[in-house]
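127 is the number that the numbering used here gives to position 117 of the sequence shown; each next residue is one higher, with no gaps. Idealized CB from N, CA, C, for every residue including glycine. Below: the structure, in structure tokens.
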Amino acid sequence: MNRSSLQRTLCAMGLLLAFGGQAGVALAGTSGGIGGIVTDAKTGAPISGVRLQITSPSQSVTTTTDAHGRYIVFTLQPDDYTVSAQKNGYDGSSISGEAVFADQTQQYDLKLTPASEASSSGGATP
Numbered sequence: 011m012n013r014s015s016l017q018r019t020l021c022a023m024g025l026l027l028a029f030g031g032q033a034g035v036a037l038a039g040t041s042g043g044i045g046g047i048v049t050d051a052k053t054g055a056p057i058s059g060v061r062l063q064i065t066s067p068s069q070s071v072t073t074t075t076d077a078h079g080r081y082i083v084f085t086l087q088p089d090d091y092t093v094s095a096q097k098n099g100y101d102g103s104s105i106s107g108e109a110v111f112a113d114q115t116q117q118y119d120l121k122l123t124p125a126s127e128a129s130s131s132g133g134a135t136p
């Protein structure tokens, strides 16, 4: 690579970095997040694979807990949200009126109660 080609490449990279950095500044202050941990209400153990629905009048997002029962969602519009959790073998749970603020991630933990025999078998009795 000759000297002028190297200079053009460095100049192009500098411009990309300068304009790319401005995009991040333009987005600052417009969104927030919600994160937390989902645990078993009886044992306190984290629960993996829980499906969470995070909804507000402005948007709805779905996520799943990781192997440590943790979840996190960024890019939520500031609003009040309902966080609902579902997992086979557990009764569903939800919390409402959870606020999201720009440039902040709120922590909302949930506890799921193991489903009773009747509810896990569909409520039918022989």
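Pull the bridge partners of residue i from the DSSP assignment, please.
| i | result |
| --- | --- |
| Asp101 | Per DSSP, none; premise fails for Asp101. |
| Gly46 | Tyr81 |
Going along the chain, which residues of its own chain have a beta-carbon closer than 7 Å to the beta-carbon of residue i, five neighbours each way excluded?
| i | result |
| --- | --- |
| Gln117 | Gly45 and Gly46 |
| Ala125 | Gly99, Tyr100 and Asp101 |
| Thr40 | Ala112 |
| Gly59 | Thr74, Thr75 and Lys97 |
Enumerate in chain order the residues of its own chain whose CB-to-CB distance from residue i is below 6 Å, with the five nearest sequence positions on each side excluded.
| i | result |
| --- | --- |
| Thr123 | Ala51 and Asp101 |
| Leu109 | Looking at the sequence shown, residue 109 is not Leu but Ala. Excluding sequence neighbours, Ala109 sits near Asp90. |
The beta strand (DSSP E) with residue i in it runs from where to where?
| i | result |
| --- | --- |
| Tyr91 | Asp89 to Gln96 |
| Tyr118 | Unbroken run through Tyr118: none, as it is neither H nor E. |
| Thr72 | Ser70 to Thr74 |
Under three-state DSSP, which class holds residue i?
| i | result |
| --- | --- |
| Ala51 | coil |
| Ser41 | coil |
Got a sec? Which residues, its chain only, sit under 8 Å from residue i by beta carbon, not counting five neighbours each side?
| i | result |
| --- | --- |
| Ile142 | Nothing can be reported for residue 142: it is not among the residues displayed for the chain, which extend from 11 to 136. |
| Ser103 | Ser94, Ala95, Leu120, Lys121, Leu122 and Thr123 |
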